[in-house]
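Enquirer: In the working numbering, the protein residues as written are 174 to 309. In this text, a Cβ means the ideal position worked out from N, Cα and C, and glycines have one as well. Below you'll find the structure I mean.
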């Protein structure tokens with residue numbers, strides 16, 4: 174049994190001229206794959222794909238926050254206007270935050286038109302008193 178082991182180990186230790194790599198075995202610059210030759214995977218569960226950039230929803234979230242703030246500060250006109258502008262830009266540029274943008278726009282518009290209705294209702298409520306005071 175030891176003789177067969179010796180013969181196997183001696184066969185692996187001997188190197189011949191065919192075991193030495195030649196210049197044709199070494200990859201050349203044309204054999205190396207480039208970035209365009211490497212196949213990319215579109216499967217999102219694949220570990221070989223490049224990491225994706227984090228989706229930004231900054232403008233959309235700001236539009237929602239300003240839309241909520243518009244419910245209290247709509248009479249300033251600045252807050253609802255900023256909410257609408259950020260909501261429009263956010264819905265156009267940030268597809269992941271589209272819902273936040275839409276809600277920001279809706280809340281800003283509801284708050285603005287709500288305050289307009291409150292002002293009109295207040296003017297209509299005081300109108301009879303102003304007419305009565307003008308008559309005397």
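Could you check the C-alpha separation between residue 268 and residue 250 for me, to the nearest Å?
Expert: Position 95 of the chain shown holds residue 268. Position 77 of the chain shown holds residue 250. Rounded to the nearest whole angstrom, the C-alpha separation of residue 268 and residue 250 is 27 Å.
Enquirer: Give the DSSP-derived three-state secondary structure of residue 228 in the structure shown.
Expert: For the purposes of this step, residue 228 is taken as the residue at position 55 of the chain shown. If DSSP states are grouped into helix, strand and coil, residue 228 belongs with coil.
Enquirer: So what does DSSP say about residue 250, is it helix, strand or coil?
Expert: Sequence index remark: in the chain shown, residue 250 carries index 77 (1-based). The answer is coil: DSSP assigns residue 250 none of H, G, I, E or B.
Enquirer: Measure the Cβ-Cβ separation of residue 259 and residue 232 and say whether it is below 9 Å.
Expert: Within the chain shown, residue 259 is the residue found at index 86, counting from 1. Within the chain shown, residue 232 is the residue found at index 59, counting from 1. Their beta carbons are under 9 Å apart, which means residue 259 touches residue 232 by this criterion.
Enquirer: Excluding the 5 residues flanking residue 293 on each side, which residues of the same chain have their C-beta closer than 8 Å to its C-beta?
Expert: Position 120 of the chain shown, counting from 1, holds the residue named residue 293. Excluding residues within five positions, none has a Cβ falling inside 8 Å.
Enquirer: Sort 278, 302 and 306 by Cα distance to residue 239 and report the nearest one.
Expert: For the purposes of this step, residue 239 is taken as residue 66 along the chain shown, with counting starting at 1. It is 278 whose Cα lies nearest to the Cα of residue 239.
Enquirer: Assuming contact is defined by CB atoms lying nearer than 9 Å, are residue 284 and residue 244 in contact in what I supplied?
Expert: On the chain shown, residue 284 is found 111 positions in, with the first residue counted as 1. On the chain shown, residue 244 is found 71 positions in, with the first residue counted as 1. Their beta carbons are under 9 Å apart, which means residue 284 touches residue 244 by this criterion.
Enquirer: Could you have a look at residue 309 and say whether DSSP puts it in helix, strand or coil?
Expert: Here the question's residue 309 lines up with position 136 in the chain shown. Here residue 309 sits in coil by DSSP.
Enquirer: Given that a residue counts as buried once 16 or more other Cβ atoms are within 10 Å of its Cβ, and exposed if not, what is residue 286?
Expert: Here residue 286 is taken as the residue at index 113 of the chain shown, counted from 1. Exposed, because fewer than 16 other Cβ atoms sit within 10 Å of the Cβ of residue 286.
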